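Engineer: First to last, the protein sequences are chains A, B, C and D.
Sequential numbering from 36 applies to the first sequence in my numbering.
Sequential numbering from 36 applies to the second sequence in my numbering.
Sequential numbering from 36 applies to the third sequence in my numbering.
Sequential numbering from 36 applies to the fourth sequence in my numbering.
By construction, the Cβ of each residue, glycine as well, lies at the ideal position given by its N, Cα and C atoms.
These figures come from a predicted structure and were not determined experimentally.
There are 4 protein chains.
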Amino acid sequence: MPKLGMEPIRRRALIEAAVEAIGDRGGLDVTMGQIARRAGVSPALAHHYFGAKEQLFLATMRHLLGQFGRAVSVALAPEHDPRRRLSLIVAESFAPAQFAPATVSAWLAFYVHAQNEQGARRLLRVYARRLHSNLVHDLRHLAGAEAARIAEGVAALIDGLYIRRALAVDATAPAHAPETAIALVEDYLDTQLARSRT
Amino acid sequence: MPKLGMEPIRRRALIEAAVEAIGDRGGLDVTMGQIARRAGVSPALAHHYFGAKEQLFLATMRHLLGQFGRAVSVALAPEHDPRRRLSLIVAESFAPAQFAPATVSAWLAFYVHAQNEQGARRLLRVYARRLHSNLVHDLRHLAGAEAARIAEGVAALIDGLYIRRALAVDATAPAHAPETAIALVEDYLDTQLARSRT
Amino acid sequence: MPKLGMEPIRRRALIEAAVEAIGDRGGLDVTMGQIARRAGVSPALAHHYFGAKEQLFLATMRHLLGQFGRAVSVALAPEHDPRRRLSLIVAESFAPAQFAPATVSAWLAFYVHAQNEQGARRLLRVYARRLHSNLVHDLRHLAGAEAARIAEGVAALIDGLYIRRALAVDATAPAHAPETAIALVEDYLDTQLARSRT
Amino acid sequence: MPKLGMEPIRRRALIEAAVEAIGDRGGLDVTMGQIARRAGVSPALAHHYFGAKEQLFLATMRHLLGQFGRAVSVALAPEHDPRRRLSLIVAESFAPAQFAPATVSAWLAFYVHAQNEQGARRLLRVYARRLHSNLVHDLRHLAGAEAARIAEGVAALIDGLYIRRALAVDATAPAHAPETAIALVEDYLDTQLARSRT
DNA sequence: AATGAATGAGTTTTCATTCAT
DNA sequence: GATGAATGAAAACTCATTCAT
Numbered sequence: 036m037p038k039l040g041m042e043p044i045r046r047r048a049l050i051e052a053a054v055e056a057i058g059d060r061g062g063l064d065v066t067m068g069q070i071a072r073r074a075g076v077s078p079a080l081a082h083h084y085f086g087a088k089e090q091l092f093l094a095t096m097r098h099l100l101g102q103f104g105r106a107v108s109v110a111l112a113p114e115h116d117p118r119r120r121l122s123l124i125v126a127e128s129f130a131p132a133q134f135a136p137a138t139v140s141a142w143l144a145f146y147v148h149a150q151n152e153q154g155a156r157r158l159l160r161v162y163a164r165r166l167h168s169n170l171v172h173d174l175r176h177l178a179g180a181e182a183a184r185i186a187e188g189v190a191a192l193i194d195g196l197y198i199r200r201a202l203a204v205d206a207t208a209p210a211h212a213p214e215t216a217i218a219l220v221e222d223y224l225d226t227q228l229a230r231s232r233t
Numbered sequence: 036m037p038k039l040g041m042e043p044i045r046r047r048a049l050i051e052a053a054v055e056a057i058g059d060r061g062g063l064d065v066t067m068g069q070i071a072r073r074a075g076v077s078p079a080l081a082h083h084y085f086g087a088k089e090q091l092f093l094a095t096m097r098h099l100l101g102q103f104g105r106a107v108s109v110a111l112a113p114e115h116d117p118r119r120r121l122s123l124i125v126a127e128s129f130a131p132a133q134f135a136p137a138t139v140s141a142w143l144a145f146y147v148h149a150q151n152e153q154g155a156r157r158l159l160r161v162y163a164r165r166l167h168s169n170l171v172h173d174l175r176h177l178a179g180a181e182a183a184r185i186a187e188g189v190a191a192l193i194d195g196l197y198i199r200r201a202l203a204v205d206a207t208a209p210a211h212a213p214e215t216a217i218a219l220v221e222d223y224l225d226t227q228l229a230r231s232r233t
Numbered sequence: 036m037p038k039l040g041m042e043p044i045r046r047r048a049l050i051e052a053a054v055e056a057i058g059d060r061g062g063l064d065v066t067m068g069q070i071a072r073r074a075g076v077s078p079a080l081a082h083h084y085f086g087a088k089e090q091l092f093l094a095t096m097r098h099l100l101g102q103f104g105r106a107v108s109v110a111l112a113p114e115h116d117p118r119r120r121l122s123l124i125v126a127e128s129f130a131p132a133q134f135a136p137a138t139v140s141a142w143l144a145f146y147v148h149a150q151n152e153q154g155a156r157r158l159l160r161v162y163a164r165r166l167h168s169n170l171v172h173d174l175r176h177l178a179g180a181e182a183a184r185i186a187e188g189v190a191a192l193i194d195g196l197y198i199r200r201a202l203a204v205d206a207t208a209p210a211h212a213p214e215t216a217i218a219l220v221e222d223y224l225d226t227q228l229a230r231s232r233t
Numbered sequence: 036m037p038k039l040g041m042e043p044i045r046r047r048a049l050i051e052a053a054v055e056a057i058g059d060r061g062g063l064d065v066t067m068g069q070i071a072r073r074a075g076v077s078p079a080l081a082h083h084y085f086g087a088k089e090q091l092f093l094a095t096m097r098h099l100l101g102q103f104g105r106a107v108s109v110a111l112a113p114e115h116d117p118r119r120r121l122s123l124i125v126a127e128s129f130a131p132a133q134f135a136p137a138t139v140s141a142w143l144a145f146y147v148h149a150q151n152e153q154g155a156r157r158l159l160r161v162y163a164r165r166l167h168s169n170l171v172h173d174l175r176h177l178a179g180a181e182a183a184r185i186a187e188g189v190a191a192l193i194d195g196l197y198i199r200r201a202l203a204v205d206a207t208a209p210a211h212a213p214e215t216a217i218a219l220v221e222d223y224l225d226t227q228l229a230r231s232r233t
């Protein structure tokens with residue numbers, strides 16, 4: 036029952052299957068076959084649309100990255116107060132879509148993968164830069180020269196909280212709840228900014 | 036001419052070769068053959084001593100973990116002031132041996148690996164708990180009820196700074212120097228403790 | 036808007052694309068997709084018209100064979116002098132259309148292919164027999180009983196010169212120019228016939 | 036029952052199996068599995084020793100080429116008369132080992148393969164140059180300036196006779212017997228040299 | 001103690017071919 | 001008449017692991 040216009044549907048299904056498979060497995064050691072089966076297609080079709088496994092991985096990263104980037108953009112659009120904007124970025128970083136165990140797990144796997152692969156590295160770099168410039172943009176108003184340093188601290192804290200979530204025995208424990216993570220980062224921002232203001 | 040007492044020598048050589056190989060590659064996708072060649076022995080010998088690849092990985096993690104644990108113990112032994120003890124833990128976390136690019140890279144790879152493998156997960160958990168209790172032990176004196184929260188923040192920050200180092204374009208840039216990392220964590224401790232004291 | 040009479044157009048386009056593709060690649064390891072793309076159609080259409088890859092190959096051989104056969108027929112029609120007819124056959128064998136690098140390359144590939152495939156073998160045999168009988172027909176007048184032997188020599192020489200052209204580093208070098216090849220075969224004919232006449 | 040020093044034995048067995056497989060099949064479209072099975076080993080072992088299919092093919096070509104080259108060297112060593120040396124080269128070209136159907140078939144396949152692959156092309160070129168210089172060396176004494184031209188004719192004739200043998204319906208027919216081929220080339224030499232001498 | 005020899009099991013990738021539209 | 005969609009089957013290649021010596 037082949038129809039027309041299946042390409043975008045299949046691509047998306049395969050990418051989502053990839054996130055799931057990688058998230059479940061907790062690493063990139065998933066086979067094209069496993070991903071394809073999850074998407075309900077043959078491994079050959081995955082190759083047909085993506086050319087190679089690495090390309091599917093890159094598309095998957097782009098998907099995750101884009102999802103987050105758009106969510107942040109949407110959230111920030113109507114808000115102009117710097118401090119509140121920072122909170123929105125933080126909140127978005129730990130929003131359900133990003134902080135779901137499978138997504139976090141996939142993220143971490145891609146981070147490691149980026150140590151090997153040019154393409155993945157580049158993608159991650161773009162994302163890191165965007166997050167950094169978002170943070171610095173608003174921090175500048177509040178902390179002036181300290182903006183870059185605080186941004187670095189916030190980014191490291193977020194990355195660290197992701198890792199800890201990925202390795203948590205029980206991701207549903209309050210210690211790893213998104214609220215806890217958000218509170219920690221907000222607190223960091225508050226204390227850092229309080230000092231700057233002095 | 037079979038030599039006596041080769042076992043510990045070979046084990047150590049293989050473990051060190053594994054750290055190097057994994058660090059260089061930036062992931063666990065190294066073959067037993069590559070590790071064995073680096074250690075100057077045959078792949079068969081690696082199996083002879085470790086039984087399986089996963090066992091070699093576990094031994095390698097234990098090696099890394101033990102190395103860090105011992106360094107912290109040694110550093111803390113003569114020091115009794117809580118605040119200075121915290122500084123020593125932080126300093127040790129970014130000491131050359133731990134913060135060398137290859138080591139950081141291997142660390143990260145094992146973190147991801149732990150998402151799959153029971154054994155690796157357990158090992159990492161032990162380490163996390165030890166670090167946590169070390170931190171809490173000293174923080175208790177300085178921040179009372181806030182100890183656990185601050186410990187969590189410090190740990191996340193350290194993990195985050197490791198990740199960022201692993202993905203740095205240029206690990207020798209000042210932004211990723213150990214001093215910068217140490218300063219960031221120390222600053223976190225200072226601001227958090229300052230507030231507690233109030 | 037289905038067009039009428041597309042079949043012959045598509046068939047021819049596909050066959051010509053096959054010659055080009057095989058010639059370029061220097062072997063039959065071209066995919067239906069590559070051939071189809073060259074012809075500006077989908078791989079499915081190639082199957083639609085030819086049923087299978089092997090059938091397309093056979094049609095391509097028939098095309099090449101027929102082209103040569105017709106050229107020879109046309110050239111020989113007005114000529115009745117045996118010696119001059121022989122020259123025309125030789126000339127036609129090295130005419131631009133036959134001796135173009137891509138064509139020579141495709142020829143050679145089909146020769147090898149014929150070792151596997153019944154159909155291809157048969158086709159090649161028909162061509163060989165026709166060339167042989169053409170040669171013998173005229174040689175009989177000039178060399179009597181020696182006709183068959185000389186024909187064999189001429190045929191072998193032509194095949195050999197094709198191979199050498201196919202493997203030439205530089206097909207445009209004078210050593211591999213059609214004139215050189217023609218001169219060599221003509222010389223063979225001359226010397227062989229000179230002796231017969233004695 | 037693994038023993039030591041198997042490598043050369045396996046390499047040779049695999050190379051010989053490759054000649055047989057290619058010869059039987061009449062082309063390079065044989066799988067590593069087929070070759071390995073013939074050699075009585077697993078496909079993995081073939082890769083272990085040769086690294087890749089193409090490498091096995093190159094080794095096989097080198098084997099065939101070397102075999103012929105050595106046979107010619109041995110045959111020519113004690114002979115100093117130019118004309119007789121030419122006959123030895125011709126005789127060796129059609130000696131049983133070279134002219135066996137499987138070998139001829141493999142040759143032809145490699146010729147076509149050389150149109151694609153650098154390595155194979157280079158190997159064939161070396162062989163062609165050696166044959167050419169061998170022929171020219173002796174022809175120079177007998178035909179002076181004509182040496183190169185005659186050598187080219189002889190070489191083309193030999194190649195052509197190989198092809199014709201490869202495509203023969205019945206390789207045992209007198210028309211394709213080595214004696215017939217030798218006679219044809221000898222006759223070419225005789226007539227060409229007779230003219231030169233005049 | 002150490003290794004060369006060997007392989008089974010798996011994974012990516014390619015492609016001819018089919019089919020519903 | 002023409003094609004996008006889809007796949008089965010096969011092939012190269014990799015690698016952890018075993019074993020006899």
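Is any non-hydrogen atom of the ligand ATP found closer than 7 Å to the C-beta of I70 of chain D, if you look at the structure I gave you?
Structural biologist: Although the ligand ATP was asked about, the structure shown includes no ligands whatsoever.
Engineer: Ordered along the chain, which non-local residues of its own chain (more than five positions away) have a Cβ less than 7 Å from that of V171 of chain D?
Structural biologist: Excluding residues within five positions, the ones whose Cβ falls inside 7 Å are A182, A183, A186.
Engineer: Can you give the beta carbon distance from A144 of chain D to G62 of chain D, rounded, assuming they're within the 8 Å contact cut?
Structural biologist: Sure, about 5 Å apart at Cβ, within 8 Å.
Engineer: Are A141 of chain C and L202 of chain D touching if we call contact CB-CB under 8 Å?
Structural biologist: No, the Cβ-Cβ distance between A141 of chain C and L202 of chain D is not below 8 Å.
Engineer: Which value, in whole angstroms, describes the spacing of the CA atoms of D260 of chain C and L196 of chain C?
Structural biologist: Nothing can be reported for residue 260 of chain C: it is not among the residues displayed for chain C, which extend from 36 to 233.
Engineer: Rounded to a whole number of angstroms, what is the C-alpha to C-alpha distance between A81 of chain D and V109 of chain B?
Structural biologist: Cα to Cα, the separation comes out at about 54 Å.
Engineer: Pairs of beta-carbons, one from the region 122 to 134 of chain C and one from the region 205 to 213 of chain C, closer than 8 Å: are there three or more?
Structural biologist: Touching, yes.
Engineer: Can you give the Cα-Cα distance for V54 of chain B and G154 of chain A, rounded to whole angstroms?
Structural biologist: Rounded to whole angstroms, V54 of chain B to G154 of chain A spans 25 Å at the Cα level.
Engineer: Quick check on M36 of chain A - is its C-beta less than 8 Å from some C-beta in chain B?
Structural biologist: For M36 of chain A, the pLDDT reaches just 44, beneath the cut-off of 50, and the residue's location in the model is therefore unreliable, leaving the point undetermined.
Engineer: Just to confirm the assignment, what range does the alpha helix (DSSP H) spanning G104 of chain A have?
Structural biologist: Run containing G104 of chain A: 88 to 111, per the alpha helix (DSSP H) assignment.
Engineer: Which two residues bound the contiguous alpha helix (DSSP H) that contains P58 of chain D?
Structural biologist: Looking at the sequence itself, residue 58 of chain D is Gly, so the reference to Pro does not match. Counting along the chain, the alpha helix (DSSP H) containing G58 of chain D begins and ends at 41 to 60.
Engineer: Below 8 Å on the Cβ atoms is my guess for L166 of chain B versus M96 of chain B; work out the distance and round it to an integer in Å.
Structural biologist: With 8 Å as the limit, L166 of chain B and M96 of chain B do not qualify as a contact, their Cβ atoms being about 15 Å apart.
Engineer: Are the C-beta atoms of G86 of chain D and some chain C residue less than 8 Å apart?
Structural biologist: Not an interface residue.
Engineer: Which residues of chain D have a Cβ atom closer than 9 Å to the Cβ of N151 of chain C, listed in chain order?
Structural biologist: Correct list: R60, G61, G62, D64.
Engineer: Quick one: give me the first and last residue of the alpha helix (DSSP H) that G154 of chain D is part of.
Structural biologist: Taken as a continuous stretch (DSSP letters only), the alpha helix (DSSP H) holding G154 of chain D covers 153 to 178.
Engineer: Is the Cβ of T207 of chain B closer than 8 Å to any Cβ of chain A?
Structural biologist: No, its Cβ sits nowhere closer than 8 Å to a Cβ of chain A.
Engineer: By the 9 Å beta-carbon criterion, what residues does the region 184 to 216 of chain A contribute toward chain B?
Structural biologist: Listed by position, the residues of the region 184 to 216 of chain A near chain B (Cβ gap below 9 Å) are R184, E187, G188, A190, A191, L192, I193, D194, G195, L196, Y197, I198, R199, A201, L202, V204, A210, T215, A216.
Engineer: From which residue to which residue does the alpha helix (DSSP H) around H82 of chain A run?
Structural biologist: Element bounds for H82 of chain A: 78 to 85.
Engineer: Using 8 Å as the limit for Cβ to Cβ distance, is Y162 of chain B near chain A?
Structural biologist: Y162 of chain B does not count as touching chain A.
Engineer: Just confirm the distance between the C-beta atoms of A230 of chain C and N151 of chain D, as a whole number of angstroms; I'd bet it's less than 8 Å.
Structural biologist: Reading off the sequence shown, one finds Arg at residue 230 of chain C, where the question assumed Ala. 42 Å between Cβ atoms; not a contact.
Engineer: In chain order, what are the residue ranges of uninterrupted alpha helix (DSSP H) at least 4 long that sit wholly in the region 118 to 153 of chain B?
Structural biologist: Taking only runs of at least 4 residues, the alpha helix (DSSP H) segments lying wholly in the region 118 to 153 of chain B are 131 to 134, 136 to 148.
Engineer: Taking CB distances under 8 Å as the criterion, tell me whether H172 of chain A reaches chain B.
Structural biologist: Taking Cβ atoms only, chain B never reaches closer than 8 Å to H172 of chain A, which makes this a no.
Engineer: With 16 as the cutoff for other CB atoms within 10 Å, does V147 of chain A come out buried or exposed?
Structural biologist: Buried is the call here.
Engineer: Residues in its own chain within less than 7 Å of L224 of chain C by CB, not counting five upstream and five downstream?
Structural biologist: Excluding residues within five positions, the ones whose Cβ falls inside 7 Å are L121, V189.
Engineer: Are any of the Cβ atoms in chain A nearer than 8 Å to that of A144 of chain B?
Structural biologist: So, interface residue.
Engineer: Which residue wins for smallest C-alpha separation from S57 of chain C, given the options C:D194, C:R46, C:V139?
Structural biologist: Per the sequence shown, residue 57 of chain C should be read as Ile rather than Ser. Taking only the C-alpha atoms, the option nearest I57 of chain C is C:V139.
Engineer: Tell whether a beta-carbon distance below 8 Å holds between D194 of chain A and I198 of chain B.
Structural biologist: Cβ distance < 8 Å, so D194 of chain A and I198 of chain B count as in contact.
Engineer: Under 8 Å, Cβ to Cβ, is there at least one residue of chain A near Q227 of chain B?
Structural biologist: Yes, contact with chain A.
Engineer: With DSSP collapsed to three states, give me the class of G75 of chain B.
Structural biologist: If DSSP states are grouped into helix, strand and coil, G75 of chain B belongs with coil.
Engineer: If I measure Cβ to Cβ from A74 of chain C and keep anything under 7 Å in the same chain, skipping five residues before and after, which residues do I get?
Structural biologist: Taken in chain order, the residues that qualify are A48, L49, A52.
Engineer: In terms of residues, what are the limits of the alpha helix (DSSP H) holding E181 of chain D?
Structural biologist: Where E181 of chain D is concerned, there is no enclosing alpha helix (DSSP H), given that its DSSP letter is neither H nor E.
Engineer: Hey, does H148 of chain B have any beta-carbon neighbour from chain A nearer than 8 Å?
Structural biologist: Yes - at least one Cβ of chain A is within 8 Å of the one on H148 of chain B.
Engineer: Measuring straight from C-alpha to C-alpha, what distance separates L100 of chain A and L91 of chain A?
Structural biologist: Approximately 14 Å between the Cα atoms of the pair.
Engineer: Excluding the five sequence neighbours on either side, which residues of its own chain have a C-beta within less than 6 Å of the C-beta of G68 of chain A, listed in chain order?
Structural biologist: Excluding positions up to five away in sequence, the list reads P78.
Engineer: By DSSP, does V65 of chain C sit in helix, in strand, or in coil?
Structural biologist: It is coil, neither helix nor strand.
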